[in-house]
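Engineer: Residue numbers for the sequence shown follow the numbering used here, beginning at 597 and rising by one.
Note that the Cβ used here is the ideal one computed from N, Cα and C, for glycine as well.
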Amino acid sequence: MIIITKNNMLRRILSVLIALLINVSSSSATADSATSVQSNLTKAEQQWLAKHPNVKLAEPRGPLLKRSTAILISLGIFLVIFMTALWVLTLYKTKETLRISENKIRQQANFDSLTGLYNRHKFYEILSEEIELANEHDENFALLFLDLDEFKEVNDTLGHGVGDALLRRVANRLRNRVRSRDVVARLGGDEFTIIISDIKNMNDLKSIARNICSAVSTEFMIQGHSINVSTSIGITCFPHDADTDEEILINADQAMYASKNSGRNRYTFFTDSMRDERIERSQILQDLRVAVDEDQLELYYQPIVDVKTGRVVKAEALIRWNHPEKGLVFPGTFIELAEESGMINEIGEWIFVSAVLKAAEWREKYEADFQISLNTSPIQYRENGINVEAWGNYLAENGVSGSAIIVEITEGLLMESSYGVKEKLLALRDNGIEVAIDDFGTGYSSLSYMKKFDIDYLKIDQSFISTLSPDSEDMALCEAIIVMAHKLGCKVVAEGIETMNQLQLLKDADCDAGQGYLFSKGLPADEFERLLINEQSKHTALFNGKTVITYLPAEHSDSLPQAPLEELEAIEA
Ligand code: C2E
Ligand code: MG
Ligand code: MG
């Protein structure tokens, strides 16, 4: 519209200019005719003029002045036209640039640049709208929360380029498996969400979920690589399970984790029991904050026995929670929550301080080389975790050598090959603290990690020990682990020894140390101390060339497994 008006204006300016130019040419014609009038004077008149040189004929100024003004005006108009044209062009260009960048901003604000699906921001917006619409029209919808199962492995082994291409292909397949009015979004990483509106029956929903699982688990060929991944899906329904966007997402996420935990490549519907579990977890978390402040946590100690000498050489510190209403609570109930909430750092510090003080005491009372092995969480190796310098200072202030402490880490931690982890582990070792890999055999650590992180002990997971029998697969594994560890300069502790038979087999396989109910379960510090003192006299009597037996505190023997007790009695008899 503006441009059309400008064109009209331009046309008008041009016509004025042409008229002026015509005027200029007519003015110069007038000037020329004045000169010719002058030359037309009579001879007498010309002679008279020659005699009077002071007398000058008036010059034809009028036409000459008009001519220069016209040129100036023309130039001015040219300039105005030029400037206007420039201005119009610039205006047009700016408008175009603005339009393009507006589109770009809208695209970036609403769409995921990698897959072209809706992004997290837009998804939240749509979810709120869906809730409003469904409320208005008394309708329902389902939210599917998807997480790819092996995406990290693809990224780690084939690189981010292939990972990105895989995400794009997954996005396409998801789009193709739902109706055009259903909403597919990528929340970030390998997380996707799908809103299926107006569900007529649950079987339709199940069949969509099944379809998606099979679409994602069908082989991908990317840059010459054959890639197989799968997806875990959590499904929640509005308004049946929740009526706020926040709760809908929490539900779907929780159901997705249920899918992960029950074997991946499947879908799980959110249930009421999941909600109960969530409420209980948040209650535990609340109580745990109080527990930390009010000193309800306690360290129990389980003996670690040298299988060759039968002596208790170390103790593993195991955390317990003296809950005011629930009684003794085991770590399985709260460590994960402490990790998720970050409280594990504070708890971890308390564990270290308590263990150092006990180690100092027992080194003095019992044996100078005595060690306490404490469990650490991977979270403690991240930022805000263990302050190695502070730990070193604390040891020094209390006159305790670093070698009094062993930190137990998970195999998974070694896979987190971030710089910080290695740094911290090596710094701990510089302070004399030893490092053990807990539950060895259940994760994916490789031999190279043993050397890289300078590991001192492998603790064979109790799942290998519980089924130990001569010529069994577990026996072969234990033997292999022991030989390999020794070759790499590591010692081996077997966890969960419950029977004399297991102990004998491990001893024959050259295992260094063991722990388990056969010796004793975890005990409060004072009871453990009694065990240490008694063990000093007892182990020599019972260990005399025959076998190891340690003290079993009477008040705990009821809860111990029957088989080992029977075996113990048989041996003692
Ligand atoms: P873990 O470090 O592998 O500890 C050994 C677990 O096996 C302990 O369970 C112990 O009581 C149990 N156990 C010991 N001997 C036997 C046996 O002969 N048979 C059987 N069936 N079990 C045996 P607990 O105390 O419930 O600890 C469970 C896990 O919780 C620990 O596994 C450890 O990963 C974690 N944990 C315990 N204390 C702490 C702690 O202070 N900090 C952290 N971060 N984690 C801890
Ligand atoms: Mg442990
Ligand atoms: Mg363990």
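Three-state secondary structure (DSSP) at HIS836?
Structural biologist: As a working mapping, residue 836 is identified with position 240 in the sequence shown. Here HIS836 sits in coil by DSSP.
Engineer: Under the rule that 16 or more other beta-carbon atoms within 10 Å means buried, what is ASN971, buried or exposed?
Structural biologist: In the sequence shown, counting from the first residue as 1, residue 971 sits at position 375. Under this definition ASN971 is a buried residue.
Engineer: Can you have a look at GLU921 and say buried or exposed, based on whether 16 or more other CB atoms are within 10 angstroms of its CB?
Structural biologist: On the sequence shown, residue 921 is found 325 positions in, with the first residue counted as 1. Looking at its Cβ environment, which holds fewer than 16 other Cβ atoms inside 10 Å, GLU921 is exposed.
Engineer: Hey, would you say the C-beta of ILE947 is under 7 Å away from at least one heavy atom of ligand 1?
Structural biologist: Residue mapping note: residue 947 aligns to position 351 of the sequence shown, counting from 1. It does: the Cβ of ILE947 is within 7 Å (strictly closer) of some heavy atom of ligand 1.
Engineer: Assuming ASP1104 is part of the alpha helix (DSSP H), what are its boundary residues?
Structural biologist: Locating residue 1104 in the sequence shown gives position 508, counting from the first residue. First-last of the alpha helix (DSSP H) with ASP1104: 1096-1104.
Engineer: For SER813 and ILE823, I'd like the C-alpha separation in whole angstroms.
Structural biologist: The residue you call residue 813 lines up with position 217 of the sequence shown. The residue you call residue 823 lines up with position 227 of the sequence shown. Approximately 9 Å, taken between the alpha carbons.
Engineer: Which residue's Cα is closest to the Cα of SER826: THR929, ALA811, ASP889?
Structural biologist: Translated into the one-based positions of the sequence shown, residue 826 becomes position 230. Of the listed residues, the one whose Cα sits closest to SER826 is ALA811.
Engineer: Taking 8 Å as the cut-off, decide whether the C-beta atoms of TYR897 and GLY1112 are in contact.
Structural biologist: On the sequence shown, residue 897 is found 301 positions in, with the first residue counted as 1. On the sequence shown, residue 1112 is found 516 positions in, with the first residue counted as 1. No.
Engineer: Does the beta-carbon distance from ASP1025 to VAL1031 come in below 8 Å?
Structural biologist: As a working mapping, residue 1025 is identified with position 429 in the sequence shown. As a working mapping, residue 1031 is identified with position 435 in the sequence shown. The amino acid at residue 1025 is misidentified as Asp; the sequence shows Arg. Yes.
Engineer: With the cut-off set at 8 Å, would you say VAL901 and VAL909 are in Cβ contact?
Structural biologist: Residue numbering aside, residue 901 sits at position 305 when the sequence shown is read from its first letter. Residue numbering aside, residue 909 sits at position 313 when the sequence shown is read from its first letter. Cβ atoms of VAL901 and VAL909: closer than 8 Å.
Engineer: Answer with buried or exposed for LEU1054, where buried requires no fewer than 16 other C-beta atoms within 10 angstroms of its C-beta.
Structural biologist: For the purposes of this step, residue 1054 is taken as residue 458 along the sequence shown, with counting starting at 1. Buried, since its Cβ has 16 or more Cβ neighbours within 10 Å.
Engineer: Looking at ILE940: is its Cβ nearer than 8 Å to the Cβ of ALA951?
Structural biologist: Numbered from its first residue, the sequence shown carries residue 940 at position 344. Numbered from its first residue, the sequence shown carries residue 951 at position 355. Contact: no.
Engineer: Is the region 931-948 touching the region 1120-1130, taking contact as three or more C-beta pairs under 8 Å?
Structural biologist: Judged by Cβ distances under 8 Å, the region 931-948 makes no contact with the region 1120-1130, as fewer than three pairs qualify.
Engineer: Please classify GLY923 as buried or exposed, where buried requires at least 16 neighbouring CB atoms within 10 angstroms.
Structural biologist: To locate residue 923, count along the sequence shown from 1; it is residue 327. Answer is exposed; the Cβ neighbour count stays below 16.
Engineer: Take GLN1058 and list the residues in its own chain whose beta-carbon comes closer than 6 Å to its own, dropping the five residues that flank it on each side.
Structural biologist: Taking the first residue of the sequence shown as 1, we reach residue 1058 at position 462. Hits under 6 Å: GLU1091, GLY1092.
Engineer: Answer yes or no: does any C-beta atom of chain B fall closer than 8 Å to that of LEU991?
Structural biologist: Among the chains in the structure shown there is no chain B, since it carries only a single protein chain.
Engineer: In this structure, how does DSSP classify TYR1045 when only helix, strand and coil are distinguished?
Structural biologist: Translated into the one-based positions of the sequence shown, residue 1045 becomes position 449. TYR1045: helix per DSSP, three-state reduction.
Engineer: How would the residue list near ligand 3 read, in chain order, if you kept each one whose beta-carbon is closer than 6 Å to any heavy atom?
Structural biologist: Taken from the N-terminal end onward, the list reads ASP1034, ASP1035, LYS1055, GLU1091.
Engineer: Please return the same chain residues whose Cβ sits closer than 6 Å to the Cβ of TRP958, not counting the five positions on each side in sequence.
Structural biologist: Along the sequence shown, one-based indexing puts residue 958 at 362. Only PHE966 meet the Cβ criterion.
Engineer: Identify which residue in LYS954, MET1096, GLU1004, ARG877 has its Cα closest to the Cα of GLY928.
Structural biologist: Along the sequence shown, read from residue 1 onward, the residue named residue 928 stands at position 332. Taking only the C-alpha atoms, the option nearest GLY928 is ARG877.
Engineer: State the Cα-Cα distance for the pair LYS1083 and ALA1076, rounded to the nearest angstrom.
Structural biologist: Taking the sequence shown and counting its residues from 1, the one referred to as residue 1083 is at position 487. Taking the sequence shown and counting its residues from 1, the one referred to as residue 1076 is at position 480. Cα to Cα, the separation comes out at about 11 Å.
Engineer: Does DSSP put GLU1091 in a helix, a strand or coil?
Structural biologist: Sequence index remark: in the sequence shown, residue 1091 carries index 495 (1-based). Here GLU1091 sits in coil by DSSP.
Engineer: So what's VAL901 in DSSP terms, helix, strand or just coil?
Structural biologist: Working through the sequence shown from its first residue, we reach residue 901 at position 305. Correct three-state label for VAL901: strand.
Engineer: Is the beta carbon of LEU762 less than 8 Å from the beta carbon of ILE790?
Structural biologist: The residue labelled residue 762 in the question sits at position 166 within the sequence shown. The residue labelled residue 790 in the question sits at position 194 within the sequence shown. No.
Engineer: To the nearest angstrom, how far is the alpha carbon of PHE948 from that of LYS718?
Structural biologist: As a position in the sequence shown, residue 948 is number 352, starting the count at 1. As a position in the sequence shown, residue 718 is number 122, starting the count at 1. Taking the straight line from one Cα to the other gives about 46 Å.
Engineer: Measure the C-alpha to C-alpha separation of PHE865 and LYS802 and round it to an integer number of angstroms.
Structural biologist: For the purposes of this step, residue 865 is taken as residue 269 along the sequence shown, with counting starting at 1. For the purposes of this step, residue 802 is taken as residue 206 along the sequence shown, with counting starting at 1. Approximately 9 Å, taken between the alpha carbons.
Engineer: Of all the beta strand (DSSP E) runs that stay within the bounds of the region 1003-1067, which reach a length of 3 or more residues?
Structural biologist: Whole beta strand (DSSP E) segments, 3+ residues: 1030-1036, 1053-1056.
Engineer: Within the present structure, is the beta-carbon of ASN971 separated from the nearest heavy atom of ligand 2 by less than 7 Å?
Structural biologist: As a working mapping, residue 971 is identified with position 375 in the sequence shown. Under cutoff, so the answer is yes.
Engineer: In whole angstroms, what is the alpha-carbon distance linking VAL620 and LEU675?
Structural biologist: If you number the sequence shown from 1, residue 620 lands on position 24. If you number the sequence shown from 1, residue 675 lands on position 79. Low per-residue confidence applies at VAL620: pLDDT is 48, beneath 50, and the placement is therefore not dependable, though the value from the model is reported in the following sentence. Between VAL620 and LEU675, the C-alpha separation is close to 18 Å.
Engineer: Shortest alpha-carbon distance to SER1062 belongs to which of MET870, GLU732, TYR1040, GLN1098?
Structural biologist: Position 466 of the sequence shown, counted from the start, is the residue given in the question as residue 1062. Nearest C-alpha to SER1062: GLN1098.
Engineer: Just list the beta strand (DSSP E) runs in the region 832-883, keeping only unbroken ones of 3 residues or longer that don't cross its boundaries, in chain order.
Structural biologist: Complete beta strand (DSSP E) runs here, min 3: 862-865.
Engineer: Under DSSP, the alpha helix (DSSP H) around ALA738 begins and ends at which residues?
Structural biologist: Here the question's residue 738 lines up with position 142 in the sequence shown. Here ALA738 belongs to no alpha helix (DSSP H); instead the beta strand (DSSP E) covers 737-744.
Engineer: Just the Cα atoms here: how many angstroms apart are THR1143 and ASP1035?
Structural biologist: Working through the sequence shown from its first residue, we reach residue 1143 at position 547. Working through the sequence shown from its first residue, we reach residue 1035 at position 439. With a pLDDT of 45 at THR1143, under the threshold of 50, the modelled position of that residue is not reliable, and the figure given next carries that caveat. Rounded to the nearest angstrom, the two C-alpha atoms are 25 Å apart.
Engineer: Please determine whether the Cβ atom of GLU726 lies at a distance below 7 Å from any heavy atom of ligand 2.
Structural biologist: As a position in the sequence shown, residue 726 is number 130, starting the count at 1. GLU726 Cβ: outside cutoff for every heavy atom of ligand 2.
Engineer: Beta-carbon separation of GLN892 and HIS919 under 8 Å?
Structural biologist: Residue mapping note: residue 892 aligns to position 296 of the sequence shown, counting from 1. Residue mapping note: residue 919 aligns to position 323 of the sequence shown, counting from 1. Yes.
Engineer: Is GLU912 a contact residue of ligand 2, with contact defined as CB to any heavy atom under 7 Å?
Structural biologist: Reading the sequence shown from its first residue, position 316 is the one you call residue 912. Yes, ligand 2 has a heavy atom inside 7 Å of this Cβ.
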